[in-house]
Each structure stands twice: as C-alpha cells, then as structure tokens.
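Here the structure comes first, spelled out in structure tokens, and everything after it is commentary.
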Amino acid sequence: MQKSLLIDLDGVLRIGSKPAEDISQFLKFLDDNSIPACILSNSSLKYSKQIYEFFQSHSIKLTIPIITSIDAAYIYIKDNYKRVAVFTSENVIELFSEFLDYENPEAVLVGDIGDKWNYKLMQTIFEYVQNGAELIAAHKNKFWEKSNLGILLDAGPFIHGIEYATDKNATLIGKPSELYFQSALEKINKPKTSDFIMLGDDLDSDMRGAKNLGAETILILSGKTKLPIPDYYKNSVDYITKNLTEVLEVLKNNI
102 MQKSLLIDLD
112 GVLRIGSKPA
122 EDISQFLKFL
132 DDNSIPACIL
142 SNSSLKYSKQ
152 IYEFFQSHSI
162 KLTIPIITSI
172 DAAYIYIKDN
182 YKRVAVFTSE
192 NVIELFSEFL
202 DYENPEAVLV
212 GDIGDKWNYK
222 LMQTIFEYVQ
232 NGAELIAAHK
242 NKFWEKSNLG
252 ILLDAGPFIH
262 GIEYATDKNA
272 TLIGKPSELY
282 FQSALEKINK
292 PKTSDFIMLG
302 DDLDSDMRGA
312 KNLGAETILI
322 LSGKTKLPIP
332 DYYKNSVDYI
342 TKNLTEVLEV
352 LKNNI
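So the working numbering is basically just the index in the sequence shown, starting at one, shifted up by 101.
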C-alpha cells in the first residue's frame with residue numbers, strides 16, 4: 102500500500118515569508134505520482150484559507166489539502182463549547198466570533214500572540230482555568246524562527262506555565278497530538294492507523310510526534326533545526342535532508 106505523506110508548512114514549504122525555492126518541483130512530483138499528501142501547520146497565525154491565498158499570491162497552485170492547528174481547534178470548539186476566550190493572532194480570531202466570551206468562558210484557547218505575553222495576560226488565563234475553564238493549546242511549540250529576528254519563544258513555554266500554576270493539563274490540538282495526525286490522514290481519506298511519512302523541521306512536534314505513531318520521518322534542515330542533532334532525538338529521525346530536492350530523492354525510494 103502506498104504511504105501517505107504529511108508535510109509541515111513553515112521551514113519546509115514556506116521559508117520565512119517566501120515559498121521554498123524548490124517547491125514547484127516537489128509539488129509536481131507529488132501530483133505526477135498521485136501521492137496522497139496533507140499539509141499540517143502548528144502555526145495559529147492563519148487558517149487554511151489564508152495559507153492557500155499565500156501560495157496563490159506567489160503563483161503557486163496548491164492542490165494538497167491543508168489543516169492548521171487553528172482549523173482543528175475550531176472543529177474541537179464547535180463540537181464541545183458555546184463560550185470561549187480566545188488568545189491568538191488577530192488574523193484568526195474572526196474564525197471564532199460566534200463563540201467569543203471573556204466574561205464566563207467554558208474554555209480558553211491559546212495560540213500565537215508573539216510579544217503580547219505579559220504578567221496581566223498570564224494572570225487572566227490563570228484565573229479562567231482556575232475557575233473551571235478548559236485550557237486548549239493550539240500547539241506547544243517551544244520556539245520558532247523568523248528570518249530577520251532569529252529564534253523566538255513560542256506559545257509552549259507560556260502554556261506550560263499555566264499548566265504548572267493550575268495543576269491542569271491543556272488539551273493539545275496541534276502536533277504532536279495523535280488526534281491531529283489522525284485528522285490529517287482522515288482529510289485525505291486514509292484510515293487513522295495507516296502508514297505515513299512525516300516531513301518536517303521540528304524535532305519535537307514533527308519527528309518525535311510522528312515516530313511515536315510508527316511513522317517514517319524526514320527531517321529537513323531548511324527550517325528551525327540545525328546540525329548536530331541531539332542524541333535524545335536521533336532515534337526519531339530516519340532521514341536528514343537539506344532541502345526539498347534532497348527530500349525527493351528519499352521519497353523516490355520510500356513511497
């Protein structure tokens with residue numbers, strides 16, 4: 102049976118604010134070989150429609166389905182809650198307009214808010230959770246990379262702080278959540294337990310998360326991860342590549 106390919110977005114297909122240099126060749130290979138593939142993004146800065154628009158603006162026709170942590174969070178909230186406090190990028194808050202409630206929320210969704218983290222905000226989220234609201238994490242990434250600023254703290258460290266203070270665990274929506282990988286497989290009409298290959302640049306959410314589900318993994322060095330790979334992660338990485346052209350050589354022999 103042909104394996105499915107799950108592809109991380111940032112650091113793989115999108116480098117900073119531009120598409121990866123060899124993306125057209127990569128996408129053509131997937132199309133020509135009818136490889137079932139889905140793009141996954143832990144970023145909560147945009148939802149899938151906005152990502153399609155990004156590639157269209159660069160004259161790249163993207164036919165692969167996309168599921169972001171925000172898309173998955175919306176589905177989860179719609180299925181479970183009516184009142185939610187949302188702390189994420191202004192770009193995506195509109196998606197949750199029907200649920201917004203900062204007076205008496207049933208749940209709190211936390212995602213990317215960049216440098217807006219401060220004591221007052223942490224205290225607000227802490228109080229919501231202490232009063233019974235479920236803490237929902239779009240993702241728990243430790244850090245991310247921005248081309249002109251280098252590596253920056255992501256939402257994960259702040260979410261862990263709320264968990265520590267409240268003695269409550271957040272419901273994780275994005276990678277490495279098993280449900281997120283399964284949602285991506287379902288989006289391309291594959292069984293939740295089917296074999297897949299994960300292509301990504303994050304050692305925690307991409308490599309280790311997928312390896313825990315028995316997947317093959319391809320680490321690409323065009324994003325946040327640089328050599329050498331810490332010993333702790335070596336068993337989670339099957340292949341190491343520099344760019345999408347090298348990824349193609351791996352796929353030709355393994356998919």
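Idealized CB from N, CA, C, for every residue including glycine.
A quick note: this is a predicted structure, and the numbers were derived from the prediction, not measured.
Practice prompt. Have a look at the DSSP bridge pairing and note the partners of residue 340.
Written response: 319
Practice prompt. With a threshold of 16 other CB atoms inside 10 Å of the CB of residue 162, please say whether the residue is buried or exposed.
Written response: exposed
Discussion item. Is residue 221 a contact residue of the ligand GDP, with contact defined as CB to any heavy atom under 7 angstroms?
Written reply: Although the ligand GDP was asked about, the structure shown includes no ligands whatsoever.
Worksheet item: Using a Cβ-Cβ distance under 8 angstroms, would residue 353 count as near chain C?
Response: The chain inventory of the structure shown lacks chain C, comprising one protein chain alone.
Fill in: Local Cβ density within 10 Å of residue 255, reported as buried at 16 or more and exposed below that
Residue 255 counts as buried, since no fewer than 16 other beta carbons sit within 10 angstroms of its beta carbon.
Discussion item. I believe residue 197 touches residue 182 by the beta-carbon criterion, under 8 angstroms. Please report the beta-carbon distance rounded to the nearest angstrom.
Written reply: Their Cβ separation, rounded to whole angstroms, is 10 angstroms, which puts residue 197 and residue 182 out of contact at 8 angstroms.
Worksheet item: Excluding sequence positions up to five away, which residues of its chain have a Cβ less than 8 angstroms from the Cβ of residue 304?
Response: 320, 326, 330, 331, 334, 337, 338
Practice prompt. Please list, in chain order, all residues of the same chain as residue 107 whose beta carbon is under 6 angstroms from its beta carbon, the five residues on each side excluded.
Written response: For residue 107, where only same-chain residues beyond five positions count, the Cβ hits under 6 angstroms are 139, 141, 285, 297, 299.
Worksheet item: To the nearest angstrom, how far is it from the Cα of residue 279 to the Cα of residue 306?
Response: 11 angstroms
Discussion item. Measuring straight from C-alpha to C-alpha, what distance separates residue 205 and residue 239?
Written reply: 20 angstroms
Worksheet item: Where do the N-terminal and C-terminal ends of the beta strand (DSSP E) with residue 109 fall, by residue?
Response: 105 to 109
Worksheet item: DSSP on residue 152, reduced to helix/strand/coil?
Response: Residue state, collapsed to three classes: helix.
Discussion item. On the CB-based measure, 16 or more other CB atoms within 10 Å of its CB, does residue 148 come out buried or exposed?
Written reply: buried
Item to complete: Taking residue 209 as part of the beta strand (DSSP E), name the residues at either end of that continuous run.
Response: 208 to 211
Item to complete: Pull up the distance between the alpha-carbon of residue 243 and that of residue 124, whole angstroms please.
Response: Going by the C-alpha atoms only, they are around 26 angstroms apart.
Worksheet item: What is the DSSP secondary structure of residue 112, counted as helix, strand or coil?
Response: coil
Worksheet item: By a C-beta neighbour count over all protein chains shown, 10 Å radius and 16 as the cutoff for buried, is residue 252 buried or exposed?
Response: In the assembly as shown, residue 252 is an exposed residue. Its beta-carbon has fewer than 16 other beta-carbons within 10 Å.
Worksheet entry | Element boundaries [alpha helix (DSSP H), containing residue 174] | 170 to 181
Worksheet item: Would you report the Cα separation of residue 290 and residue 220, rounded to the nearest angstrom?
Response: Residue 290 and residue 220 have their C-alpha atoms roughly 44 angstroms apart.
Discussion item. Nearest by alpha-carbon distance to residue 287: which of 111, 229, 203, 168 is it?
Written reply: 168
Practice prompt. Return yes when the Cβ of residue 208 is within less than 8 angstroms of the Cβ of residue 185, no when it is not.
Written response: In this structure, residue 208 lies closer than 8 angstroms to residue 185 by Cβ.
Practice prompt. For residue 271, name the three-state secondary structure that DSSP assigns.
Written response: coil
Worksheet item: What are the start and end residues of the alpha helix (DSSP H) that includes residue 286?
Response: 279 to 288
Discussion item. Please state whether the Cβ-Cβ distance between residue 340 and residue 173 is less than 8 angstroms.
Written reply: no
Discussion item. In this structure, how does DSSP classify residue 136 when only helix, strand and coil are distinguished?
Written reply: coil
Item to complete: Below 8 angstroms on the Cβ atoms is my guess for residue 130 versus residue 349; work out the distance and round it to an integer in Å.
Response: 6 angstroms
Practice prompt. Give the C-beta separation of residue 113 and residue 301 to the nearest angstrom, bearing in mind that I take them to be a contact with Cβ-Cβ under 8 angstroms.
Written response: That belief holds up - the Cβ atoms of residue 113 and residue 301 are roughly 6 angstroms apart, short of 8 angstroms.
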